[in-house]
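Report on one structure; see the data block that follows.
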Amino acid sequence: MTWSERMGARLRIKSFRTKFILVVGAGVMLDLLLSGSVALWNVHRLGRDASVEIKHGLEKASNEYLENYIQTTALRANLLLSGVFSEVTTLAGSMQTLIDHPEVQGKIGDAVAQAPDFTPPLTYDQAGKWAQNEKGATSVLSVWGYLLGPDKQPLPAIRRDIQNTAIFDLMSGSLMSTGSRKLQMYYMGPKDRPIMRTTPYSDQAQTFDKLYPGHNDKNFWDFFFPGVYEGWQAWLHDPKIKHNDNLVTSTAPYTDAITGNLIVTFFHPLWNKERTDCAGAVAVDITLEQLADLVNNVRVADTGFGFLASSDGNVLAIKSQGEKTLGIQMQNDSATAGVTNMVRSLGKSAYPDVASMKLPADMKTSMQRIHLKAGAARAPYLVVLRRLPEINLWADGKIGSDHLTLGFVVPEREVYASLYSAESKMETATARIRNWQIAILIFSLAVVLSVVVGISKRITAGLIALAGAARRLERKDYSVRVEIPSGDEVGELGRAFNKMAEEIQSYTGNLEQLVEERTHKLGEANREIQALNEKLKGENVRMGAELDVARRIQSMVLPKPLELSSVSRLDIAGHMEAASEVGGDYYDVLQAGSRVKIGIGDVTGHGLESGVLMLMVQSAARALLESGDMDSCTFMKVLNNAIFKNVARTESANNLTLSFIDYSENKITLTGQHEEMIVVRKDGSVERIDTVDLGFPIGLEADISQFVNSRALPFDSEDIVILYTDGVTEAESPQGKLFGVESLCESANRHRAGTAQEIKQNIIRDVLAHIDTQKIHDDITLVVIKHL
2 MTWSERMGAR LRIKSFRTKF ILVVGAGVML DLLLSGSVAL WNVHRLGRDA
52 SVEIKHGLEK ASNEYLENYI QTTALRANLL LSGVFSEVTT LAGSMQTLID
102 HPEVQGKIGD AVAQAPDFTP PLTYDQAGKW AQNEKGATSV LSVWGYLLGP
152 DKQPLPAIRR DIQNTAIFDL MSGSLMSTGS RKLQMYYMGP KDRPIMRTTP
202 YSDQAQTFDK LYPGHNDKNF WDFFFPGVYE GWQAWLHDPK IKHNDNLVTS
252 TAPYTDAITG NLIVTFFHPL WNKERTDCAG AVAVDITLEQ LADLVNNVRV
302 ADTGFGFLAS SDGNVLAIKS QGEKTLGIQM QNDSATAGVT NMVRSLGKSA
352 YPDVASMKLP ADMKTSMQRI HLKAGAARAP YLVVLRRLPE INLWADGKIG
402 SDHLTLGFVV PEREVYASLY SAESKMETAT ARIRNWQIAI LIFSLAVVLS
452 VVVGISKRIT AGLIALAGAA RRLERKDYSV RVEIPSGDEV GELGRAFNKM
502 AEEIQSYTGN LEQLVEERTH KLGEANREIQ ALNEKLKGEN VRMGAELDVA
552 RRIQSMVLPK PLELSSVSRL DIAGHMEAAS EVGGDYYDVL QAGSRVKIGI
602 GDVTGHGLES GVLMLMVQSA ARALLESGDM DSCTFMKVLN NAIFKNVART
652 ESANNLTLSF IDYSENKITL TGQHEEMIVV RKDGSVERID TVDLGFPIGL
702 EADISQFVNS RALPFDSEDI VILYTDGVTE AESPQGKLFG VESLCESANR
752 HRAGTAQEIK QNIIRDVLAH IDTQKIHDDI TLVVIKHL
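For the sequence shown, the residue numbers in our numbering are 2 to 789.
This is how it looks when you write it as structure tokens:
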């Protein structure tokens, strides 16, 4: 035999050694697997918890950084706008002071008129029909054709305005060279005298002719800035109109007619001395590049960017790459003939998340998460928004209160780049630990199995010897003994086996004698059993005969069809089926002269005693009815007294529920406690009459006077009364469902058109169909009474 064959013989699957190796090996493997799994789970949980903590920390730090950054940038934007507001307010304040002091304004105008540098001559342009000073002046002065007289020179009032506003050249020059970077500053006269001074000098009127043909045929304010002048006038006339207290009014970005740049204009209105009307305005233009520089300098992560938008979502400043990222583009809004607004609306973005993005409604920093296209896929972005202080904005031909919004957009992957890196490293570390755990597990299993196989022979040697001895004992070699030198439980088992073998050897010597003695005893016991069987057979025959007689007597006293048919004006049908040889249900139809009494009852239990009690009730009820006329309650009390005394004499514990119906023309009287009485009216309505309060179980108490009551009910033509025992309503289906009172009512109502016999047969058919193959556990009794 080869080594592999020997090992195979030793490790047979049924051998104890094989089972020992498998059980011990499985136990060690389970222990190692559990410990390894717990270790791996702890490593995974540690990595997950660390990742969550790092993410929370990075989110908090990133959010704080973004919030601080946007607050700082918002302050810079506020400083830029405040600087511009301050400069235009300063210029407006100086001009307003002169308007409020006309005597000073006149003297200064006269003085400035003496200086040729500030009052250069005007040249009329025949093609454009306007007058304008020549180049070389500090600012350009344009006087439109409708402000010139027949001599093509300014009208007297216009000449006075030109002289009184020459001081503008002195102030605007210095303001242009200081403070924030400005494209130009200008003065525009009141609506009826809208001369225009602009610093620095430019070919102002010539540019207007080129870009806005026909402008000289209309009022300057109505052509270029419709509605703004009327808006300022409304401020004076209606103090309830909401506007910013600094009075500076800005425009949406538009293309400047003179420079061709995208600009934003900041107006400051001037008032007449009486503050009853507008007296023109001063203004400052800054290029959109200045606002763009503000957001272009935003550096958030690697590719984050900023933008500045008005409250309607029009983006005023943004990088070109930012436009692509947000899916927006510049469009012209030619709402007016003069100024062409430039619109980059977030609401018209190609991306739904941007189009539906809500700008903040308060001064708190808002953070939102949206998805934008990044290459061929969609990626999450963080949007940080901060609302800037309120400004007055002219747009769509009217002035309204508005807030600019500063926004940052940054890819989420860049904000959490360090988190992703940490998660990747932790996953690598976890995988490395897992691989080491698996390697250690395999190595441990190999070592343990080697040790188990090595020591299994020594541990199981005694058991193997016992198994061999048991096989010899099975072959009836009772002389077998085992030698197990160990003092453990296996050694004790060997000693017990040897003692058992000795006892078996001793016992087998006397076995034949024991078998003979036992056979003799079994024969005697068998004869005694046969005698008892014969005796029981005779007893069963006797009891069967008695039960058969009782059952026959019980069936004999049931109402016969002839009796039922003799009852005047009533169609009566009855059915009784016992659950055993003798049933405990009772029903009877008794007639004595004009009196008709119909009873139904249910004796507790089944069998002979119940049948006898039912016969007692039938006999007593017949005797009482024949004895004379008594009311239904007295009838029930007397009947109970008789039955109680008979039950006491027979020492029986049985009693019964019992109800009687007394019939007279078109009326029935119900007395006694039993199941509900069902009345099916001619029109199909069903009444269920409860009998709990009409009596007490018969034969249980000597005096039931205080419990017995009667209830009278009308009983008209085609009405039907259903009396039954609980064997009907408690009939079980094979699934354990009871037939129930509701099913009985429904069956009676469904078959009410037939005769009493037909109604009875159909109801019993429904009950038996419900029972199906289930055994009948209780007596079934049903009485159907139909008024003819």
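Glycine included, C-beta positions come from ideal geometry on N, C-alpha and C.
If you're wondering where the values come from, they're calculated on a predicted model, not measured in any experiment.
Query: 7 Å CB neighbourhood of residue 1 in its chain, flanking five on each side removed; Result: Within the shown structure, residues of the chain are numbered from 2 to 789, placing residue 1 beyond reach of any answer.
Query: Cα-Cα separation between residue 304 and residue 130, rounded to whole angstroms; Result: 53 Å
Query: Residue interval of the beta strand (DSSP E) (run including residue 781); Result: 781-788
Query: Spatial neighbours of residue 142 in its chain, beta-carbon cut-off 6 Å, leaving aside the 5 residues before and after; Result: 134, 198
Query: Residue 280, buried or exposed, once every other Cβ within 10 Å from all chains shown has been counted against 16; Result: buried
Query: Secondary structure, beta strand (DSSP E): runs of 3+ residues fully inside the stretch 682-739; Result: 687-690, 711-715, 721-725
Query: Close-in-space but distant-in-sequence residues of the same chain around residue 345 (CB under 6 Å, 5 per side omitted); Result: 316, 329, 331
Query: Residue from 473, 443, 299 with nearest C-alpha to residue 29; Result: 443
Query: Contact set for residue 8: own chain, Cβ-Cβ below 7 Å, skip 5 residues either direction; Result: Residue placement at residue 8 cannot be trusted, given a pLDDT of 49 that sits under 50; the coordinates are not used to answer.
Query: DSSP bridge partner residues for residue 577 (one or two, in chain order); Result: 782
Query: Neighbourhood of residue 273 by C-beta, 6 Å cutoff - its chain only, sequence neighbours within 5 removed; Result: 280
Query: Residue 773 to residue 763 span [Cα, whole Å]; Result: 15 Å
Query: Cβ-based neighbour list, residue 742, same chain, cut-off 6 Å, excluding 5 preceding and 5 following; Result: 730
Query: Whole-number beta carbon distance between residue 173 and residue 140, since they are thought to touch under 8 Å; Result: 6 Å
Query: Exposure label - residue 637; buried when at least 16 CB within 10 Å; Result: buried
Query: Secondary structure of residue 1, DSSP reduced to three states; Result: As displayed, the chain neither begins before 2 nor continues past 789, which places residue 1 out of reach and without an answer.
Query: Contacting residues, own chain, Cβ-Cβ under 6 Å from residue 337 (five flanking each side not counted); Result: Note on residue 337: pLDDT 47, under 50, position unreliable in the model; the coordinate value appears next. Hits under 6 Å: 227.
Query: Cβ distance (whole Å) where residue 188 is taken to contact residue 209 below 8 Å; Result: In fact, because the Cβ distance is near 16 Å, the residues do not count as touching under 8 Å.
Query: At least 3 beta-carbon pairs within less than 8 Å: the stretch 110-128 vs the stretch 423-433; Result: no
Query: Residue 530, buried or exposed, once every other Cβ within 10 Å from all chains shown has been counted against 16; Result: exposed
Query: Burial state of residue 778 (16 or more Cβ within 10 Å); Result: exposed
Query: contact_flag[the stretch 362-373, the stretch 204-218] where n(CB pairs < 8 Å) is 3 or more; Result: no
Query: Reference residue 484; option with closest CA among 322, 446, 468; Result: 468
Query: Residue 91 (DSSP reduced to helix, strand or coil); Result: helix
Query: Simplified DSSP state of residue 652, which is helix, strand or coil; Result: coil
Query: According to DSSP, residues forming a beta bridge with residue 669; Result: 664, 714
Query: Alpha-carbon spacing of residue 1 relative to residue 32, whole angstroms; Result: Here the chain covers residues 2 to 789 and nothing more, so residue 1 does not appear.
Query: Residue 599 and residue 644 closer than 7 Å at C-beta; Result: no
Query: Residue 417 to residue 404 span [Cα, whole Å]; Result: 31 Å
Query: Inter-residue CB distance, residue 780 and residue 606 (contact presumed, cutoff 8 Å); Result: That pair is no contact at about 10 Å.
Query: CB contact flag (residue 604, residue 657, <7 Å); Result: yes
Query: Contact set for residue 128: own chain, Cβ-Cβ below 8 Å, skip 5 residues either direction; Result: 210
Query: Assigned exposure category for residue 102 - 16 Cβ within 10 Å defines buried; Result: exposed
Query: Beta-carbon proximity check, residue 670 vs residue 621, cutoff 7 Å; Result: no
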